[in-house]
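Here the structure comes first, spelled out in structure tokens, and everything after it is commentary.
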Amino acid sequence: MTAITATFEDFKLRAEAVGAQVEKVPNKSAALDFIAGVLLREGIADAPGARAVWAHCPAISSADREQLTARVPGIQFDVTRDNAAQAIAGISQMDWALADTGTVVQIADTVDQRLVSTLPALHIALVSTASILPNLPALLSRVDPRKTGYLAFITGPSRTADIERVLTIGVHGPARLVIVMVDELPSNKIAPEKTTSDKIASEKMAVSQ
Amino acid sequence: MNAEFKQSILDALNNPNLAGALGRFSEAYRTSRAKAYQGIDFESLRTEIAAVKSDAAGRFEELADMFQRNAEARGTKVFRTSDPHAVNQYILKLAMDRGVTSIVKSKSMASEEIHLNAHLEAAGIEVSETDLGEWIIQLAGQRPSHMVMPAIHMTKEEVADTFSDKVEDGQQPDIPQLVKFARNKLRPKFLAAEMGITGANIAVAETGSIVIITNEGNARLVTTLPKIHVAIVGLEKLIERFKDIAPILTALPRSATAQLLTSYVSIIGAPVPNTDGSPKELHIILMDNRRNEMSRDPRFKQALQCIRCASCLNVCPVFSLVGGHVFGKVYTGGIGTILTAWFDALKQSDEIQSLCIQCGACKDVCPGKIDIPDLVLELRRRLAVEQGQPLVQKAAFSIVNNRRAFHTVLRAASIAQKPFAKDGFIRHLPMFLTEMTEFRSLPSIASHPFRDVFKKIKQEVRPHATQPKPEKAAFFAGCLLDFAYPEMGEAVVQVLNKAGIEVVFPEGQTCCGAPARYSGAYEVASQNALDNIRALRADEVTYVVSACPTCTVGLQHDFVANLESTGHTDALPAARALAEKVVDFSTLVNSLVEQGRLKFKDGIAPQRFTYHDSCHLKRTLRAEQTPRKLMQQAGYELVEMQQADMCCGMGGSYTLKLPELSAPILERKLVHIEQAGVPLVLIDCPGCVMQIRGGLDKRGSTIKVELTAQRLAENFQ
Ligand code: SF4
Ligand code: SF4
């Protein structure tokens, strides 16, 4: 237990140093309470330009979804290009966290995962405490790049220093990143399902054989 | 040097924004980079990167085959070509076939190398750069001046004006507002574009995947929203193994922007579904454009280890004064000069290669472990071979190499004060000794060179008890010490005598060859090497000592290199035997102190001093701590100046060829010296002494500048 806590402290330190907000909660229901609170404070409502988009999360059941929409009208679980472009917040579950850089990592082959974390100005990332890895090499040895189409690393909010080297947050991606670290969260798919492209490729191979 | 080029340097120097912004950046960068690398063994990290990249550069075609196989197996289309035009045509045809009318791009140096935008725009396709810096540059109709921060040369006022002119009236020079404006204006373009174009930072052959890093998040949008993604990848981005991403991703953000990791890293291995459920059309173009040819060049293969972090620009004393535009073209700075010579044409580097003062600051920080100054020299050499050595230069070197004649000429010039300065012939001599300059006073040329003074020195050699046998040192003077500062030579002899070493001065010694080598005249430099090897008779002495780091580097490293590159293989054993005996003065003194053969006097009055690092002493001989330590042992108190290892602007004949740059580089050094607030600067190189002493004198400063050897001589028992 102590080892994990130490790693979490490292992660938090690094993530906060690059401008992410890190919140640690004991379980899923505490996580959902926290997120609902953030969304309400952000003014999420069922009105144009005030909605949130929530990508598929392995840890979130359909009962959870119903509860959430009841508490925060304006959350959309059916993510499309258009509603993501209009949304002011996006929520997704990440697969890993890297302690030495404060990074969260996700197999983001399905497009909804990327839409909710690129287009809205606020991105809320759920991640399980157990998925904290010490560093990049530890991660690279765990993912199978032949089975992932799009592996996404996120470290802090979107930033630029292109004008007079002045650090400015929120250029094309989210200006705010909130990481919700959950101690007891059903962990993510470690072996990802086949991607569409893999299926296409294997079909093609079957044909050509 | 052509007038237009000189003018571009002057324009850059007169641009107040450039000098201020780049100077401040260069200072801040050093600190933040050091912080980002805390806890990391940079040497072993870059050794690992260099090995991975060098291995890949040795088999680009094999890795490209592997990449293609693996990427295609998953549905990616891979296009390979050696011809940059074919890349443009491929993308244009694809765009036409798919009815593409607008394209969003994230940063791709390779696309700039081949002028892709112009090609697509000529066909009526709208192309928008989306990296903020690149977008600003695109709107302003300029070229990027820095590989990582393309618009670093522009002020917020200029950015606001550009936005007002080209996009929407009324923009104010408020940075957060300008960034927001860019977000709002580019967002619809991301959503509308039918094609996204990116570069890649790494391409992994065994998995067929590419790695793209950004901070703004634009590459994530470019690779997510349009249905077609085209990535243009130079062959040098290939590595074999997936796990080797780790060292590159560890170094690149730290070196580029002093971050532990950039905000976003995307590793794309296959076409993923589009927002409408269709699979993305993913095209990866592996572009050669002379990279294969470069990999077969035994000298330049090394340059393919570059990971485009731009830290070499950030620490370059020249870049930090003039910025990138003076270098022209796409790639800037020292590495840019090398890439331009290859990706464009050798002759395109003719003038820009002369900007490099050979200080070596870049090679110390390069995560690809590239010896940039050495490669710039090699360009210089090849240019000299291609163009032939000018007659005047030939004649000039014949004077330099005749020590008596050289002294006579210098002395005459020194007395007359300026007669030769304008003479075309004299311009090719290392006439920094006599050139009239506005920014620096000159030393007077001694009436008797050291070689004559030496004969009158009465050596009192006291063999030391711990000394196994009598020892002899051959002293190599070098031109400055011989002709302008014989007293420095006397100090050297005095110290060595005290340690029980007899000093000999081989009469036949001549120029160390640095002026010829740094002009690309390797035949002359080789002749210098041969003459000196013969004269110094290394087999008859215990040590060959010099008090000039440039000469020491010449004797210890460059002789062998010069002889190798000019095919004098028969002389190599002797050159190597000489190199073994060569030692710089401070290192020798340090070991003599350690052996107990030299003892400091008791009761030395403590004095405060600051220390200037000579480029060759620090970056080639790696002995910069030794003189500091010796003086502290003597009881002196060291006050470090800011950027003690920043070049003083001397660089041999650089100060003569490019006084416009030498002067401001010196100026910056003088300010740092004055800020240290101590009465004494110690230096281990007579060239730096001349530059800094002359500069301080012009400013009417009372700060003393001395060769460390002179201070040491006074303080040993
Ligand atoms: S050696 Fe010095 S002057 Fe030359 S490119 Fe490197 S840093 Fe710049
Ligand atoms: S040459 Fe070295 S320091 Fe310069 S950009 Fe390339 S990797 Fe970075």
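Chains L and S supply the protein sequences, listed in that same order.
Residue numbers for the first sequence follow the working numbering, beginning at 1 and rising by one.
Residue numbers for the second sequence follow the working numbering, beginning at 1 and rising by one.
Ideal Cβ placement from N, Cα and C applies to all residues, glycine included.
Given the structure is predicted, the values throughout are model-derived calculations rather than measurements.
Unbroken alpha helix (DSSP H) run spanning D165 (chain S), endpoints: Under the DSSP assignment, D165 (chain S) falls in the alpha helix (DSSP H) whose first and last residues are K156 to K166.
Please list, in chain order, the chain L residues whose beta carbon lies closer than 9 Å to that of E240 (chain S). Within chain L, no C-beta atom comes nearer than 9 Å to that of E240 (chain S); the closest sits roughly 13 Å away.
Could you give the residue range of the beta strand (DSSP E) that holds Y264 (chain S)? Bounds of the beta strand (DSSP E) holding Y264 (chain S) are Y264 to I268.
Is Q113 (chain L) near ligand 1, with its Cβ less than 7 Å from a heavy atom? Not one heavy atom of ligand 1 lies closer than 7 Å to the C-beta of Q113 (chain L).
C-beta atoms of C548 (chain S) and L638 (chain S) nearer than 8 Å: No, they are not a contact pair.
As assigned by DSSP and simplified to three states, the class of M287 (chain S): Strand.
Going by Cα to Cα distance, which pick from S:L496, S:E48 and S:K363 is closest to K458 (chain S)? Ranking S:L496, S:E48 and S:K363 by Cα distance to K458 (chain S) puts S:L496 first.
Flag this pair as yes or no: are the beta carbons of I307 (chain S) and I49 (chain S) separated by less than 8 Å? Cβ atoms of I307 (chain S) and I49 (chain S): closer than 8 Å.
Assumed close pair Q358 (chain S), Y518 (chain S) - CB separation to whole angstroms, cut-off 8 Å: That pair is a contact at about 6 Å.
Measure the CB-CB distance between L186 (chain S) and W135 (chain S) and report whether it falls below 8 Å. Their beta carbons are under 8 Å apart, which means L186 (chain S) touches W135 (chain S) by this criterion.
Against E164 (chain L), what residues of chain S qualify as contacts under a CB-to-CB distance less than 7 Å, listed in chain order? Contact of E164 (chain L) with chain S by beta-carbon distance below 7 Å involves A21, T155, K156 and I175.
Closest Cβ-Cβ distance between H172 (chain L) and chain S: below 8 Å? Yes, because at least one Cβ of chain S sits closer than 8 Å to the Cβ of H172 (chain L).
In the DSSP output, which residue or residues are listed as bridge partners for V233 (chain S)? In the DSSP assignment, V233 (chain S) forms a beta bridge with S:L286.
Per-residue contacts from T250 (chain S) into chain L (C-beta, under 8 Å): Those within 8 Å of T250 (chain S) in chain L are L136.
Got a sec: does ligand 2 put a non-hydrogen atom nearer than 7 Å to the Cβ of A310 (chain S)? Relative to ligand 2, A310 (chain S) has its C-beta within less than 7 Å of a heavy atom.
Answer yes or no: does any C-beta atom of chain L fall closer than 8 Å to that of Y264 (chain S)? At least one C-beta of chain L is nearer than 8 Å to the C-beta of Y264 (chain S).
Tell me S209 (chain S)'s beta-bridge partners as DSSP assigns them. According to DSSP, S209 (chain S) bridges with S:V204.
Sorted by chain position, which residues of the same chain lie with C-beta nearer than 6 Å to L379 (chain S)'s C-beta, five sequence neighbours on each side aside? Contacts found: A341, S349 and Q353.
Give me, in chain order, the residues of the same chain whose beta-carbon lies closer than 6 Å to that of A191 (chain L); leave out the 5 immediate sequence neighbours on both sides. Reliability fails at A191 (chain L), whose pLDDT of 39 lies under 50, so the model's placement of it is uncertain and the value that follows must be treated cautiously. Cβ within range, chain order: n/a, list empty.
At a cut-off of 7 Å, is C366 (chain S) close to ligand 4 when judged by its beta-carbon and the heavy atoms of the ligand? As far as ligands go, the structure on display features ligand 1 and ligand 2 and does not contain ligand 4.
Counterpart residues of H612 (chain S) in DSSP-defined beta bridges: Paired residue(s): S:I683.
Distance, V127 (chain L) Cα to Q21 (chain L) Cα: The alpha-carbon atoms of Q21 (chain L) and V127 (chain L) are separated by roughly 13 Å.
Using the rule of at least 16 other Cβ atoms within 10 Å of the residue's Cβ for burial, across every protein chain shown, is E435 (chain S) buried or exposed? Confidence in E435 (chain S) is poor, its pLDDT being 49 and thus under 50, which makes the residue's placement unreliable; the coordinate value appears in the next sentence. Buried, since its Cβ has 16 or more Cβ neighbours within 10 Å.
Under a CB-based cut-off of 8 Å, is L186 (chain S) close to chain L? At least one chain L Cβ lies under 8 Å of L186 (chain S).
Given that S158 (chain L) touches chain S, what residues does it touch there, using C-beta distances under 8 Å? Within 8 Å Cβ-Cβ: N215, E216, G217, S263 and Y264.
Whose C-alpha, out of S:P84, S:C688, S:Y636 and S:M631, is nearest the C-alpha of Y654 (chain S)? Of the listed residues, the one whose Cα sits closest to Y654 (chain S) is S:C688.
Shorter than 7 Å, the distance from the beta carbon of Q358 (chain S) to the closest heavy atom of ligand 1, or not? Checking the Cβ of Q358 (chain S) against ligand 1 gives yes.
Under 8 Å between C-beta atoms, does T7 (chain L) make it to chain S? With a threshold of 8 Å between beta carbons, T7 (chain L) makes no contact with chain S.
Quick check: the Cα distance between I9 (chain S) and H146 (chain S), rounded to an integer number of angstroms? H146 (chain S) has its alpha-carbon roughly 16 Å from the corresponding atom of I9 (chain S).
Could you tell me which whole alpha helix (DSSP H) segments of length 4 or greater appear in the segment 91-178 of chain L? Complete alpha helix (DSSP H) runs here, min 4: 111-118 and 136-140.
Which residues in chain L sit within 7 Å of S209 (chain S), going by Cβ to Cβ distance? Against chain L, the beta carbon of S209 (chain S) has neighbours under 7 Å at P145, listed in chain order.
Using a C-beta cutoff of 8 Å, does M149 (chain S) count as contacting chain L? Taking CB atoms only, M149 (chain S) has a neighbour in chain L less than 8 Å away.
Give the list of continuous beta strand (DSSP E) stretches no shorter than 3 residues that lie fully inside the segment 447-535 of chain S. Inside the segment 447-535 of chain S, DSSP marks whole beta strand (DSSP E) runs of 3 or more residues at positions 471-476 and 501-504, from first to last along the chain.
Range of the contiguous alpha helix (DSSP H) that encloses Q86 (chain L): Counting along the chain, the unbroken alpha helix (DSSP H) around Q86 (chain L) starts and ends at R81 to Q86.
Per DSSP, cross-strand counterpart(s) of S102 (chain S): Residue pairing for S102 (chain S): DSSP places it in a beta bridge opposite S:E126.
Between which residues of its own chain and K422 (chain S) is the CB-CB distance below 6 Å, once the five residues before and five after are set aside? Per-residue confidence for K422 (chain S) stands at a pLDDT of 39, beneath the threshold of 50, marking its modelled position as unreliable; the derived number appears in the next sentence. Sequence-distant partners of K422 (chain S) (beyond 5 residues in either direction) whose C-beta falls short of 6 Å from its own C-beta are missing from its chain.
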